[in-house]
Amino acid sequence: MTERDRIEVLRRVEPLASLSNSSLRSLLPFLDEVRVAPGALIADEGGLCHELVIVAEGRLEACKQGVASSIGPGEALGWDEMRDRGRHNATVRAITPARLLVMSHEQFRAADGVSPRPVNASSRRHLREFAAG
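In my numbering, the protein residues as written are 3 to 135.
Rendered as structure tokens:
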């Protein structure tokens with residue numbers, strides 16, 4: 003994916019939609035692009051959450067207490083769980099080949115300014131705005 007493609011994916015995530023391109027660009031260093039095959043386990047209900055996941059392409063299926071729902075491009079999962087260091091509230095699998103933008107705990111902390119490493123203040127502010135949703 004190009005930088006422009008990744009920015010467009012972030013723009014589809016509702017809390018980020020109104021941010022400028024430069025604001026969205028400031029979040030890119032904290033996101034990794036991952037491709038997964040159909041059937042890949044993304045999250046296990048009740049398991050500890052270790053990643054914020056944003057769907058760039060493809061479809062995922064979330065199953066919560068036996069009820070299934072679809073997750074598609076521009077949708078994110080794991081935000082509250084990452085912020086609260088909590089557990090997944092659903093099992094999530096890829097139902098098509100999918101491309102995801104993923105933020106680990108370390109990246110999450112760095113983007114939020116918790117890491118001792120220097121972090122762009124703009125990135126920190128926009129990540130907090132996203133968290134506030």
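Cβ coordinates follow ideal geometry from the N, Cα and C atoms, glycine included.
If isoleucine 56 and alanine 64 are in contact, beta carbons under 8 Å, what's the gap, nearest whole angstrom?
As a first step, residue 56 is located in the sequence shown; it is residue number 54 there, counting from the start. As a first step, residue 64 is located in the sequence shown; it is residue number 62 there, counting from the start. Not confirmed; about 14 Å, so no contact.
With DSSP collapsed to three states, give me the class of alanine 113.
Here residue 113 refers to the residue found at position 111 of the sequence shown. Note: alanine 113 maps to helix in three-state DSSP.
What's the call for valine 121, buried or exposed, on a 16-neighbour Cβ count within 10 Å?
Within the sequence shown, numbered from 1, the residue matching residue 121 stands at position 119. Any reading at valine 121 must be qualified, since the residue scores a pLDDT of 41, below 50, and its modelled position is unreliable; the value itself is stated next. Valine 121 comes out buried.
By DSSP, does aspartate 86 sit in helix, in strand, or in coil?
Taking the sequence shown and counting its residues from 1, the one referred to as residue 86 is at position 84. In the structure shown, aspartate 86 adopts helical secondary structure according to DSSP, grouped into three states.
To the nearest angstrom, how far is it from the Cα of proline 31 to the Cα of serine 24?
Here residue 31 corresponds to residue number 29 of the sequence shown, with the count starting at 1. Here residue 24 corresponds to residue number 22 of the sequence shown, with the count starting at 1. Roughly 12 Å between the two C-alpha positions.
Could you please give the first and the last residue of the uninterrupted beta strand (DSSP E) stretch that includes glutamate 63?
Taking the first residue of the sequence shown as 1, we reach residue 63 at position 61. Here the beta strand (DSSP E) through glutamate 63 covers 62-66.
Would isoleucine 97 pass as an interface residue toward chain C - the criterion being a Cβ-Cβ separation below 8 Å?
Note that chain C does not occur in the displayed structure, where there is just one protein chain.
Look up arginine 101 in the DSSP assignment and give the residues it is bridged to.
To locate residue 101, count along the sequence shown from 1; it is residue 99. Answer is Arg37, Glu59.
CA-CA distance, cysteine 51 and alanine 70?
The residue given as residue 51 occupies position 49 in the sequence shown. The residue given as residue 70 occupies position 68 in the sequence shown. Whole-angstrom Cα-Cα distance: 19 Å.
Quick check on glutamine 67: buried or exposed, where buried means 16 or more other Cβ atoms within 10 Å of its Cβ?
Looking up residue 67 in the sequence shown gives position 65. Result: exposed.
Suppose the cutoff is 7 Å on Cβ atoms and the five residues either side in sequence are ignored; what does the same chain contact list for arginine 13 look like?
Stepping through the sequence shown from its first residue, residue 13 is reached at position 11. Excluding residues within five positions, the ones whose Cβ falls inside 7 Å are Ala19, Leu26.
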